[in-house]
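Read the structure below first, then the notes.
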Amino acid sequence: MTAEYKVHGNVAVITLANPPVNGLGLSTRQGIVDGLEKANADSAVKSIVITGAGGAFSGGADIKEFGTDKAMQEPNLNSVIAAIENSDKPVVAAIHSVAMGGGLELALGCHYRVAAPGCSVALPEVKLGILPGAGGTQRLPRVLGVEPALNMIVSGEAIKSEMLAMLPGQKLFDKLVASPEVLAAEALAFAQSVADVRPMPLVRNLPCKHPQGDAYFQFARNMVKGMSKNFPAPAKCVDAVEAATKKKFADGLATEREIFINLMWTAESRSLRHLFLAERAASKIPDVPSDTPKRDIKAVAVIGAGTMGGGIAMNFLNAGIPVKMLEMKQEALDRGLATIRKNYEAQVKKGKLKQDKYEQRMALLSTTLDYADLKDADLVIEAVFEEIGVKEAVFKQLDAVMKPGAILASNTSTLDVNKIAAFTQRPQDVVGLHFFSPANVMKLLEVVRGDKTAKDVMATVMAVAKKIKKVAVVSGVCDGFIGNRMIEQYGRQGGFLLDEGCTPAQVDKAIEKFGFAMGPFRMGDLAGNDIGWAIRKRRYQEKPDMKYSKTADLLCEKGRFGQKTGAGWYDYVPGKRDAIPNAEVVQMIEEHRKSLGITPRKISDEEIVQRLVFALVNEAAHILEEGIANKASDIDVVYIFGYGFPVHRGGPLNYANEVGLFNVAAAMKRFAQNPLDDAKFWQPAPLLARLVAEGKNFQ
Ligand code: T1G
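Quick note on numbering: the numbering used here labels position 282 of the sequence shown as 279, and the sequence is numbered without any gaps.
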C-alpha cells in the first residue's frame, strides 16, 4: 500500500508514500480510505493527520494512471475526500513542499490544514488541458475568495504557502508553522487541540459569492479568451468557478465533474498530458542508468563569443556557473561581452532581472585569448564557424590543453560529431551540444551522442542541461540530427507547393491556422534564407538526386535573405516584423512555374498542412528506425521546444497518432502520385508501413 498508518498517542497519522511526488494513484487512494476506517474504528484515536513522505505532500492525481481504468476506479479522489468529510474524527492535512492538483484538493477536503512555509501550492490541471476534478473549483474559492482562486485555477501557477497565508480572510490554512522541520510535531499538537471541537468545519459549508457576479465572470471570460487560443480548458475553469457561486455545493461539484470528464477526452488534453510525460522521459537514456556517476561541472569554457557563444555562456551564468570565454581577437571578445551585457540590461530594464543578480552573473564571466587559460574547465563548448576545418583546429587545441576528464562539446548543428571526436585522443569525452538560437532563450538542446561518447559523459550533460533549464533530447549522429533533418523535408514541400500553385502567404497562413507560430517562409525570412541556401548548395553536390524547388535559390540570388536584408519572401519595414507580401516575389514564382511548363492549380489548406506535417512524420519514422532518436516522444519534444510545433497538437508523431497512421499513409500515397512532388520521399518509411499494417501507433 502506498499510504502508511501509524498512531502517535491519540492521533492517527496517514502518510502518503508513493514516490516521487505521492501521486494519488489507486493504491494510495485506497490506503487513505483504509487508514480513515482504522482510525474511526479505534476508540483510542481522537484525531487524524494526513501528510506526505519525501519531497511532497502530494503532486496530485497520478498522471501516469491517466487513460487507464485505474484512474477512474473506486475509490476515486472524490470518494476519498467524501470519506474524509464524513469522518467522525477531525482530519488535519499537514502540508509541505508540494501540494498540487488532487493533492491540494485532498487537503481542502480535510477539516483543517496546517502548512509549512515554502510549499508550492497550485491547481495546475489547466496545464494538462483539464480542470481540478475533485472539488478544487468549488472549495478553493470558498477558502481564498473567488478572484484569487480563479486566478490560480486558470493560470495553473504555483504560489508559496506563506504568500497564501497572508491573503486577508483566507481560510486555506488554519496554521502556518515556522519551518518545515517543525511541521510534524505542530500538526500532531494541532490535531490534539481540535480533537473535541464540534461541529467539525467543512470547506463545502462555507459561503461562496462574488459581489459583482455576472460582471466579474464576463470580465474573466474576456480575459481568458485571449490566453486560451486552441485550448478549451481555461474558459471551462471560469464556468466551474461561476457554478460555485451560483449553485449549491453538490450541484457545483456535479458541474465540475461533468466538465472534467469532457475535457479529459479532448485531443488537447491528451496532447498536453503526452507532452508532460514526454518532456520528463526525454532525459532518460535507455542504456544509461539514472544513477550513473556524473562528472563534476564547476567551471565551463565557451569558445567563440559570437551570437551563439554569447547565448550559450549566458545559460551557465544564469545557473551560477563560472564561464571563461575565448576568442581569437580582443575586439571579438569585446563585441561578445557587449552583447551579453546588452541582453542582461534589457532584462533589467523590463524588470525581469534584478541589477544585483545581473552584476553577480557578469562577475562569473571572464575572457581570454589563450587556450592555455581553459585548461581547468570541466566542460568546454565550442561555438565557432560551422566548417569542419575550423572545428578540427579547435578540437586539436583543446585536446592539447584540457585536463583529463574534461568534457569537450561541439555546438555544431550539422557536422559529424564522430569526425570531430576523431580530431582528439579522447573521443569518449566528446559530445555534441546543439543549442538553438537564441541560445539563452530556446529551451531545446539536442545532445548528440558520438559512437564513442562515454555513458558518464551522457549522464553528466543531461544533468547539466536540467541545471541550465534546457529540455535535452538525445540524438545520434546524422546530417541535421533530429530537428534539422526533419525541417529539411518540411522546407522541400514548401518549395514544391510554390511550384505547383501556392504563394508563400497561402502556405504560411494554412500552417499558421494549424497552429504553428510561423509558416516556413516567414520562418525563412526570420532565420535568414541564406542559411538554407548554403545547405542546398552542399546538397546539390552531395545528393544530386534529391529534388528541390529552385524558387528559394532564385530569391537568394536577388539578395532577399529575409529580415536581415529588409526583404525576403516578404518585405519588412525597418524595425518591424510584419511580413508584407511582395508582388515581385509572387511574379518571380509565377515566371519560374511557367519556365517549368507548370500550370498552377488551386491547393487546399488541408493538402498544404498534410504535406508539410506528414513530411515531418515520414522523416521522423526513418530517424526512429535508424536509432537516431530513442523514442517517438523525444521527436515530439524536439518539435515542440525547438520548432514551434503547436502544443495543442502534441508534436508531429502524437498528431499522426491522432489522425491515424492509416490515414497518414493514405495521404502519402496520394502525394506520391503527384509528378511535381518527390514520389521516392513519399514511400512510407518501413517503420511507418509496419505500424500501419499492424494497426499500431507510434509509441
Ligand atoms: N503524477 C505522476 N507522476 C508525477 C506527477 C503526477 N502528478 N508529478 C510529477 N510526477 C513525476 C514526473 O513524471 C517525474 O517522474 C517526477 O515526478 C519528477 O517530476 C483530480 C486529475 C510536482 C512540481 O499537474 O508540476 O490532480 O521522470 O521532473 O521539477 O484534480 O512534477 O522521475 O519518472 O517535474 O521537482 C495535477 C505535475 C495532476 C503536477 C515536481 N498535478 N507535476 O517538479 O520534478 S491532475 C500536476 C509537477 C490532478 C485532480 C487532477 C512537477 C512537480 P520521472 P519533475 P520537479
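Virtual Cβ for every residue (Gly too), placed ideally from N, Cα, C.
Since the model is a prediction, treat every value here as computed from it, not as a measurement.
Exercise. Give me the Cα-Cα distance between VAL221 and LEU125, rounded to the nearest whole angstrom.
Key: 16 Å
Quiz item: What residue does the beta strand (DSSP E) around HIS5 start on, and which one ends it?
Solution: 0 to 5
Quiz item: Going straight from the alpha carbon of VAL610 to that of PHE511, what length do you get?
Solution: 10 Å
Self-check item: Where GLN135 falls, given that 16 or more other Cβ within 10 Å makes a residue buried
Solution: buried
Quiz item: Is the closest heavy atom of the ligand T1G to the C-beta of LYS244 under 7 Å?
Solution: no
Quiz item: Should SER268 be listed as close to the ligand T1G, given that the test is whether its C-beta is under 7 Å from any heavy atom?
Solution: no
Quiz prompt | Nearest-angstrom Cα separation, counted from VAL606 out to ILE508 | solution = 6 Å
Quiz item: Would you say THR562 and GLY556 are within 8 Å of each other, going by their C-beta atoms?
Solution: yes
Practice problem: Within 10 angstroms of the Cβ of MET455, are there 16 or more other Cβ atoms? Answer buried if so, exposed if not. | Solution: buried
Quiz item: Are the Cβ atoms of ASN408 and GLU379 separated by less than 8 Å?
Solution: yes
Practice problem: Drop a sphere of 10 angstroms on the beta-carbon of TRP679, count the other beta-carbons inside from all chains shown, and report buried for 16 or more, exposed for fewer. | Solution: buried
Quiz item: So is ALA112 buried or exposed if we call it buried at 16+ other beta carbons inside 10 Å?
Solution: buried
Quiz item: So is ALA397 buried or exposed if we call it buried at 16+ other beta carbons inside 10 Å?
Solution: exposed
Self-check item: Ordered list of beta strand (DSSP E) runs contained in the stretch 437 to 489, each at least 3 residues
Solution: 441 to 445 and 468 to 472
Quiz item: Which first and last residues belong to the beta strand (DSSP E) in which ALA241 is found?
Solution: It is not in any beta strand (DSSP E) - ALA241 instead sits in the alpha helix (DSSP H) that spans 230 to 243.
Quiz prompt | Reference VAL123, options ALA155, HIS108 and ASP568, closest by Cα | solution = ALA155
Quiz item: Should LYS61 be counted as a contact of the ligand T1G given a C-beta to heavy atom distance under 7 Å?
Solution: yes
Quiz item: Going by C-alpha distance, which of ALA617, CYS553 and VAL656 is nearest PRO683?
Solution: ALA617
Quiz item: Would the stretch 368 to 383 and the stretch 291 to 311 be scored as touching if the rule is three or more Cβ pairs under 8 Å?
Solution: yes
Self-check item: Three or more C-beta pairs below 8 Å linking the stretch 82 to 92 and the stretch 231 to 238
Solution: no
Self-check item: Buried versus exposed call for VAL320 [16 or more other C-beta atoms within 10 Å across all chains shown]
Solution: buried
Self-check item: Nearest-angstrom Cα separation, counted from LYS291 out to ASP727
Solution: With the chain running from -2 to 696 in the structure shown, residue 727 is simply not present.
Quiz item: Is it buried or exposed for PHE695, if we count other Cβ within 10 angstroms and need 16 for buried?
Solution: buried
Practice problem: Compute the minimum distance between the beta carbon of SER225 and the heavy atoms of the ligand T1G, and state whether it is under 7 Å. | Solution: no
Quiz prompt | Cα-Cα separation, ALA232 to ARG218 | solution = 6 Å
Exercise. Specify whether the stretch 305 to 315 and the stretch 459 to 468 touch according to this definition: at least 3 beta carbon pairs, one from each stretch, less than 8 Å apart.
Key: yes
Quiz item: Using a threshold of 7 Å, is the CB atom of VAL18 nearer than that to any non-hydrogen atom of the ligand T1G?
Solution: yes
Quiz item: Which of helix, strand or coil does DSSP assign to HIS619?
Solution: helix
Exercise. Say whether the stretch 524 to 543 touches the stretch 658 to 671, bearing in mind that this needs 3 or more beta-carbon pairs closer than 8 Å, one atom from each stretch.
Key: no
Quiz item: What do you reckon, are the CB atoms on ALA296 and ALA374 nearer than 8 Å?
Solution: yes
Exercise. Can you grab the Cα-Cα spacing for the pair GLY624 / VAL428, in whole Å?
Key: 17 Å
Practice problem: Quick one: give me the first and last residue of the beta strand (DSSP E) that HIS589 is part of. | Solution: Here HIS589 belongs to no beta strand (DSSP E); instead the alpha helix (DSSP H) covers 580 to 592.
Quiz item: At a cut-off of 7 Å, is ARG277 close to the ligand T1G when judged by its beta-carbon and the heavy atoms of the ligand?
Solution: yes
Quiz item: Would MET459 pass as a contact of SER280 if the rule is Cβ separation under 8 Å?
Solution: yes
Quiz item: Does the ligand T1G have even one heavy atom less than 7 Å from the beta-carbon of LEU552?
Solution: no
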